[in-house]
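This report refers to the structure that appears directly beneath it.
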Amino acid sequence: MSNEVASFSPASLAAVLDQSVDCVKIIGLLGEVRYMNANGMCAMEIDDFSTVAGQQWADFWPEETQSVIRASYSEAELGKPVRFRAFCPTQKGTARWWDVTVSAVKNDLGEHAGYLAVSRDATENQTSRDALDIATSELRHRLKNTYTMIASLLMGFARGNPHHSEFAEQMTERLVGLSRAQVLFAETDTPCDLNDLVSALVEPFSNEHCGVEIERLPACTIDKGRADAIALVIGELTVNSSKHGAIKYGGSVKICGEADDRSLSIFWAEHSFAPVVEHVRDGGQGLALIGRIMRARSGTIDTAWRDDGLDVTLTFAL
């Protein structure tokens, strides 16, 4: 829809805006509600527009979101649409989440005259995401407990046997390292330091026969979505190496990365003392899975096989 609006008259806008399934509002220069389409009134459970006309739009929202609403006006006035998701109950108290876009509008003289605010009901999506986050947190908690339990069992079985004790201590250190990696994902939307993430993922697998070396990584933080993708891909690569490659048979694994304003790349270079026998195993789904994971996060993965290992490049657009 054009930002050139001839007037704020509901009659002149209703024919177009009432076709939208979203809650569409015209907000005045002082933040007051000037217009709301019929579907918006239905979504917000407003029976009579006169009960909200002229009121501050920010006041409709919970206190913690009101500052976000007010800040969106100044940003939108600069010509940059503002987008956010926030919770706001309807006028009748029904709990709902909204995806909101705020844009500046101009009158027929080209002068800044107010704001167009479009709110889409995101309750179902948010509820599903919350349920997934809860389930994921529970799985991580159980996984940490499993690491602890296995470490305790190993130490218990090895007690009194020096040879077994040395092995148990090494395995316990690796399990503790894997458990530490889970802590990096404790908060749903907390950015993660790339160096901390990769170190926590690979250090437990380094051994005297195969050093896992982090040569250089850019100093940057990454969002949870990309952190999850990196963790899953590097996790799959380390597990495969532990079963079929350098970590099992000896060799080296080197990890490095680079970043600029447009992209982040991470490189995995593995050299094994044992030759590569096959690239894909019957029933193996690991490489296909990590490819799907990367695509889901708007990333790419390139794999180049050699006789003694493989090179993998992960790339994310920034």
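Here full-length UniProt numbering is used: position 4 in the sequence shown is 4, and no number is missing along the way.
We treat Cβ as the ideally placed atom computed from N, Cα and C, and that holds for glycine.
Cutoff 6 angstroms; reference residue i; Cβ partners in own chain excluding five residues on either side
i      : result
Gly250 : His209, Cys210 and Phe273
Val118 : Asp22, Val24 and Thr101
Ser298 : Ala317
Ile222 : Cys192 and Leu194
His164 : Ala158
Val212 : Val202, Phe205, Ser206 and Val253
Within 8 angstroms, strictly: CB atoms of residue i and residue j
i      : j      : result
Leu154 : Thr172 : yes
Met294 : Ala229 : yes
Ile69  : Trp57  : yes
Asp22  : Arg120 : yes
Cys192 : Lys224 : yes
Ile214 : Val198 : yes
Asn240 : Ala219 : no
Thr300 : Val312 : no
Ala158 : Ala168 : yes
Gly309 : Gly245 : yes
Glu32  : Gly54  : yes
Arg83  : Thr123 : no
Tyr147 : Leu175 : yes
Counterpart residues of residue i in DSSP-defined beta bridges
i      : result
Glu213 : Lys254
Trp305 : Leu310
Gly114 : Val105
Phe87  : Trp97
Ser119 : Cys23 and Val100
Thr300 : Thr315
Val33  : Ile27
Gln56  : Glu32
Ala259 : Leu264
Cys220 : None; Cys220 has no bridge partner.
Nearest neighbour of residue i, chosen from the options [CA to CA]
i      : options                           : result
Pro275 : Trp305, Ser67 and Arg292          : Trp305
Ala71  : Arg159, Ser103 and Ala158         : Ser103
Ile318 : Leu310, Gly309 and Glu258         : First, the residue type needs correcting, since residue 318 is Leu and not Ile in the sequence shown. Nearest C-alpha to Leu318: Glu258.
Val277 : Ser128, Asp307 and Asp59          : Asp307
Thr127 : Phe87, Ser165 and Asp108          : Phe87
Ile42  : Ile301, Gln91, Ser165 and Ala269  : Sequence inspection shows Cys at residue 42; the Ile mentioned does not correspond to that position. Per the Cα distances, Gln91.
Met44  : Glu203, Asp133 and Phe60          : Phe60
Ser20  : Lys144, Ala38 and Ser74           : Ala38
Gly291 : Ile222, Lys254 and Leu314         : Leu314
Phe267 : Gln170, Leu217 and Leu78          : Leu217
Ser74  : Ile27, Val212 and Ala95           : Ile27
Pro81  : Arg129, Asn161, Val105 and Ile247 : Val105
Arg85  : Gly93, Trp98 and Asp108           : Trp98
Asn207 : Ser165, His164, His163 and Val253 : Val253
Ser265 : Leu116, Lys248 and Arg226         : Arg226
Ile247 : Thr94, Pro204, Thr136 and Ala231  : Pro204
Gly79  : Gly110, Ser67, Arg34 and Gln66    : Gly110
Leu289 : Ala269, Glu138, His271 and Ala231 : Ala231
Glu270 : Val52, Asp130 and Leu237          : Leu237
Interface flag, residue i vs chain C, CB-CB below 8 angstroms
i     : result
Arg70 : Absent from the structure: chain C. Only one protein chain is present.
Beta-carbon proximity list for residue i, same chain, < 8 angstroms, skipping 5 on both sides
i      : result
Arg262 : Ala317 and Leu318
Leu29  : His112, Ala113 and Gly114
Gly283 : Its pLDDT being 48, under 50, Gly283 is placed unreliably in this model, and the coordinates cannot settle the point.
Gln66  : Ala58 and Asp59
Same chain, Cβ closer than 7 angstroms to residue i, five either side skipped, listed in chain order
i      : result
Pro62  : Phe87 and Cys88
Cys256 : Glu215, Arg216, Leu217 and Phe267
Phe49  : Met36 and Met41
Thr94  : Glu45
His279 : Trp305
Asp18  : Asn37, Ala38 and Asn39
beta-carbon residue i near the ligand ZN non-hydrogen atom, thresh 7 angstroms
i     : result
Gln56 : No copy of the ligand ZN occurs in the structure displayed, which carries no ligand at all.
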